[in-house]
Structures are given as structure tokens and as C-alpha cells.
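Report on the following structure.
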Amino acid sequence: MNKKSALTLGSIGGVLVILLIIIAFMMTGQYKTGSQATSSKLPKINQAKVMKRIDSEIFSTDDGKSYVENKDNYENTTFIDGEKFGNRSTSVSNMVYASALNVDVPGTGIGYNAFFKEHEIDNLTTKWEKDGNSFVAKGYFVVKDTGKKYPFAFEFNADYMILQEWYGSNIKITGTDE
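Under my numbering, think of the first position of the sequence shown as 6, with each following residue one higher.
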């Protein structure tokens, strides 16, 4: 074999090795960008579990809050019509009632199942936040008498505990990429 043949054969071999390395690199998925790699590692959100947690929070007869991560700070993590519930002097259900039906705040003791169709959640969507530590679930409760849809959103941590809640118009999700 002369020098020219050896050089040609070596060049072809080198190109083949480089192509094999590139193909192997692509097959393992290492070529993805940082955001693609992060989003593909996020676990699938269990929609049934999300619905169960929201349903329990709203329609349970034991005062809800079973799945609220920080019960002591509940008033500062609940927002109704864009305002923090902690700034108001009545119950969450009364404020949601007033928001959903556009009425003055009723007397105390009204429950969500008095004005929403019990256990009915429409158009539930879920989306992980970019940091992968929490996700937001959005949807609508259906008003019993009118059939209108009333918007809500909940932020959950990865353990499906509720971090924040929003109800009604002007839902401005804080601390998320929305």
C-alpha cells in the first residue's frame, strides 16, 4: 500500500468514526437544549389526582384545606378577583359566592356546593412551571342556576399540595411564568 492509499483510507476511517460519534450523541439525546432536557424530565401530571384535590378543597364537608401545604398562611395564598383574601373580613366561600354571582356578600355559612355544581370541573388544564418545582391547574366551576363557568386556578407543588389558589376575574398568577 502506498502513502496515498493509506492517507485516503485513514481519512475515510476518521470521517466514519466522527459520524458514528455524532450519531451516538444524537441517539442518547445529549444534543437537546437546556430547556428541552429539563421539560422532558418533568413527570406527567396526574389529572385525576389534581381533580380530586381541587374537588376536596372546594366540596369537602370537613372545611377543606386537607391538601393545603401551609394552612397557617392560607389567607395570604388565596386570591379572589385579583385581590388577596387576607385583606377581606369574610369567608372565602362568601367572597367566591359574591364574585361568581355578582352579588353583595351573603351571610356566613354558605358552602361552595350551594352555588357550584358539586364535583363538576370543566376544561381542567395543567402546566409545569419552568423550574419544575410546581405546576398550575386552571379550569372552571359550573354555577348551578345559570350554567355559567367560573374561572379558578390552583398552584400545586410536586407532592400535589396546594400552594396558592385564585378565583374569579382578574386571575393574576404570582410567582409563576404565566
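The beta-carbon is built from N, C-alpha and C at its ideal position, and this holds for glycine as well.
(message) What does the alpha-carbon distance come out to for the pair Y155 and N92?
(response) 22 angstroms
(request) With a floor of 3 residues, list each beta strand (DSSP E) that falls wholly inside the stretch 65-139, ordered by position along the chain. (result) 83-85 and 121-133
(request) For T130, collect the residues of the same chain with a Cβ closer than 6 angstroms to its Cβ; drop the 5 residues on either side in sequence, then sort them by chain order. (result) K143
(request) Taking L168 as part of the beta strand (DSSP E), name the residues at either end of that continuous run. (result) I167 to Y172
(message) DSSP three-state label for G144, please.
(response) strand
(message) Measuring CB atoms only, is the stretch 123-142 touching the stretch 25-35, in the sense that at least three cross pairs come out at less than 8 angstroms?
(response) no
(message) Spatial neighbours of I63 within its chain, please: C-beta separation below 6 angstroms, excluding the five flanking residues on both sides.
(response) Y117
(request) With DSSP as the reference, label A158 as helix, strand or coil. (result) strand
(message) Which same chain residues end up closer than 6 angstroms to Q169 when comparing Cβ atoms and leaving out the 5 residues on each side of it in sequence?
(response) T82 and E160
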